[in-house]
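Residue 223 in numbering that gives the first Met the number 0 sits at position 224 of the sequence shown, with consecutive numbering throughout.
Below you'll find the structure, written out as structure tokens, and then a few comments.
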Amino acid sequence: MKYQSTRSSFSTDSLKAVLMGPAPDGGLFIDPQMLKPGYIGFDWKACLQLDTIEMSKMILSALLPDFKDMDSLVEKAYRGRFETDDLTPLVKVDNAWVLELFRGPTSAFKDVALSILPRLMTAAVRQSGEKNNILILTATSGDTGKAALEGFHDVDGIRIIVFYPHNGVSLVQKSQMTTQEGSNVQVCAVRGNFDDCQTGVKKAFAGIRDYCASNGWQLSSANSINIGRLAPQTVYYFAAYRDLVKNGAVKLGEPVDFCVPTGNFGDILAGYWAKLMGLPVGKLICASNSNRILTDFFTTGIYDTRREFYKTSSPSMDILVSSNLERLLWLAVDGDSEKVAQWMKQLNSDGIYKLDDAVMAKLRKDFAADCCTEAEGAASIRAVWEKNGYLMDPHTAVAWTCARRALEKDASRPMVVLSTASPYKFPHSVLAALGKDAGGDEFALMDKLHEISGVPVPANLAGLKDKQPRFSTVIDVDSIINYVKESL
């Protein structure tokens, strides 16, 4: 199988695509088979008969077919590392379903993909005969950083540097990253927001790829721009649908809607890939916080980053440049890489691009979009707790708010809300939403939230307060390239 860049005819196999991260031309790798109905005859009905780990083996073998012994890679990645072998439990809350994606080792949805990506990379190095060591550069809006660090620490032949926005993540998220153990990890704060971090890392890929190669390093990424990060995320859409069928909430073949809290557009794109593989996905609702650029895009067809940036209580969604949208655009124009490259050039130079009405009409068949204010999100956290005894984090609350509005208009299909993080990663925001005193240290607030709710604190978060930070460097975004060179 060949994976192709979204910006040119450059292509490679799935092994190299995982190792590279972004393509050399700046585009993102995508499987041209996604343009064909039925996705090479993938048997989605047979897939639904499997448990989640076996399902992962089947789906990843289809999406990344060049990897040998995928069964072993999946077993080592997941078995015994999540709270249950189901990995992502589905819970009924009121008249919707919540897909809990935070039951992994770092209490965030990124664990599903970043538990297996290190194993995919090491397998790709072994199979492809790659001689260089792997250097992973990753920008994070909060959760990717810790999940990537946890997955890659002390992995032979791989080094990882994570950049996060200074004062742009929760204290718990920051502590998870800066206390990370491992001889091959580095963490650095960047003055600016996530988009600044992401832009700086992208420039580093373009600016030091040759430098790294000449010094024995192959550049790669752990963000969802890496196909090896994105592919595993399709699995939990299949798992959710399977559970709905088992629960009698839907008959096999009937569509199900999914509402996804969205920042970089990877999580929701994985749902679209599941649909292209045959899964009966109805609408994919793109839920945004006050940084409503995606809501405006799906409404107007104009992607315009020239707007005010808001720091919110859902920091993983505080993003104005949603990288994975590029893959969706490529699919929407039937693989016209030249057109996609033109849009990305306009975005880079002018901060804006506009799609024609025909392309937008095609996108709106599968996607809807809505946004949620800070006050609305907080109100949802409190209302769901008081009515249903279910505790949710601010990102989940954004999706819940948008899902409720969608259900008020049309409740004919089951609605699944993707829950992307434990509420204990944001104790200040959750306590404030519940109307409780949220002053003081976030670790003390975790204990207070537990006293109020009775919901167990995840073990990986409970132990943070006793760990000492290892990393405290703060740099300007223009210093990222030099920082990487000095690190090497």
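Built from N, CA and C at the ideal position, the CB exists for glycine as well.
What separation, rounded to the nearest whole angstrom, lies between the Cα atoms of residue i and residue j?
{"i": "S428", "j": "A374", "result": "11 Å"}
{"i": "L89", "j": "P457", "result": "18 Å"}
{"i": "M391", "j": "G376", "result": "10 Å"}
{"i": "G281", "j": "C401", "result": "16 Å"}
{"i": "L251", "j": "M359", "result": "30 Å"}
{"i": "D68", "j": "T121", "result": "13 Å"}
{"i": "Q232", "j": "G199", "result": "25 Å"}
{"i": "F297", "j": "R291", "result": "10 Å"}
{"i": "F366", "j": "L293", "result": "11 Å"}
{"i": "F108", "j": "G277", "result": "23 Å"}
{"i": "Y389", "j": "A95", "result": "12 Å"}
{"i": "I301", "j": "M176", "result": "35 Å"}
{"i": "E492", "j": "L430", "result": "As shown, the chain starts at 0 and ends at 487. That puts residue 492 outside it, with no answer to give."}
{"i": "V510", "j": "P422", "result": "In the structure as shown, the chain starts at 0 and stops at 487, and residue 510 therefore has no counterpart that could be examined."}
{"i": "D333", "j": "M414", "result": "29 Å"}
{"i": "S289", "j": "L170", "result": "21 Å"}
{"i": "K75", "j": "S348", "result": "44 Å"}
{"i": "L268", "j": "G181", "result": "32 Å"}
{"i": "A432", "j": "S471", "result": "30 Å"}
{"i": "Q197", "j": "P314", "result": "14 Å"}
{"i": "D195", "j": "I224", "result": "16 Å"}
{"i": "L119", "j": "E385", "result": "43 Å"}
{"i": "N323", "j": "V97", "result": "24 Å"}
For residue i, which residues in the same chain have their Cβ closer than 8 Å to its Cβ, ignoring the five residues on either side in sequence?
{"i": "I474", "result": "C187, A188, V189, R190, Y482"}
{"i": "V111", "result": "L86, T87, L100, G103, P231, Q232, V234, Y235"}
What are the boundary residues of the beta strand (DSSP E) that includes residue i?
{"i": "Q185", "result": "184-190"}
{"i": "E99", "result": "95-99"}
{"i": "A360", "result": "Per DSSP, A360 belongs to no beta strand (DSSP E); it is in the alpha helix (DSSP H), 356-363."}
{"i": "A368", "result": "366-370"}
{"i": "D42", "result": "Unbroken run through D42: none, as it is neither H nor E."}
{"i": "S418", "result": "414-418"}
{"i": "L89", "result": "89-92"}
{"i": "Y352", "result": "351-353"}
{"i": "Y2", "result": "2-4"}
Considering only residues of the same chain and omitting the five flanking positions on each side of residue i, which have a CB-CB separation below 6 Å?
{"i": "P117", "result": "G150, F151, V154"}
{"i": "K466", "result": "T178"}
{"i": "L463", "result": "S174"}
{"i": "S379", "result": "A396, W399, T400"}
{"i": "D303", "result": "I351"}
{"i": "G144", "result": "V161, Y163, M176"}
For residue i, which residues in the same chain have their Cβ closer than 7 Å to its Cβ, ignoring the five residues on either side in sequence?
{"i": "F193", "result": "A138, S140, P164, G167, D317, I318"}
{"i": "A398", "result": "C258, V259, P260, A286, V416, L417"}
Would you kindly report the start and end of the unbroken alpha helix (DSSP H) that includes residue i?
{"i": "R404", "result": "393-408"}
{"i": "S452", "result": "441-452"}
{"i": "T121", "result": "116-127"}
{"i": "Y482", "result": "479-486"}
{"i": "P426", "result": "426-432"}
Hey, residue i and residue j are a contact pair by Cβ (cut 8 Å); roughly how many whole angstroms apart?
{"i": "S321", "j": "G262", "result": "7 Å"}
{"i": "S486", "j": "Q217", "result": "About 15 Å separates the two Cβ atoms, so there is no contact after all."}
{"i": "Y210", "j": "K435", "result": "About 51 Å separates the two Cβ atoms, so there is no contact after all."}
{"i": "W13", "j": "D85", "result": "Before going on, a small fix: residue 13 reads as Ser here, not Trp. Incorrect: roughly 27 Å between the Cβ atoms, too far for contact."}
{"i": "A61", "j": "F41", "result": "5 Å"}
{"i": "T5", "j": "L27", "result": "5 Å"}
{"i": "Y77", "j": "S114", "result": "6 Å"}
{"i": "L18", "j": "V124", "result": "7 Å"}
Length at least 3, wholly inside the stretch 278-337: the beta strand (DSSP E) runs in chain order: Taking only runs of at least 3 residues, the beta strand (DSSP E) segments lying wholly in the stretch 278-337 are 280-287, 301-303.
Alpha helix (DSSP H) runs contained entirely in the stretch 174-248, provided each spans 4 or more residues: Correct list: 193-213, 226-229, 234-245.
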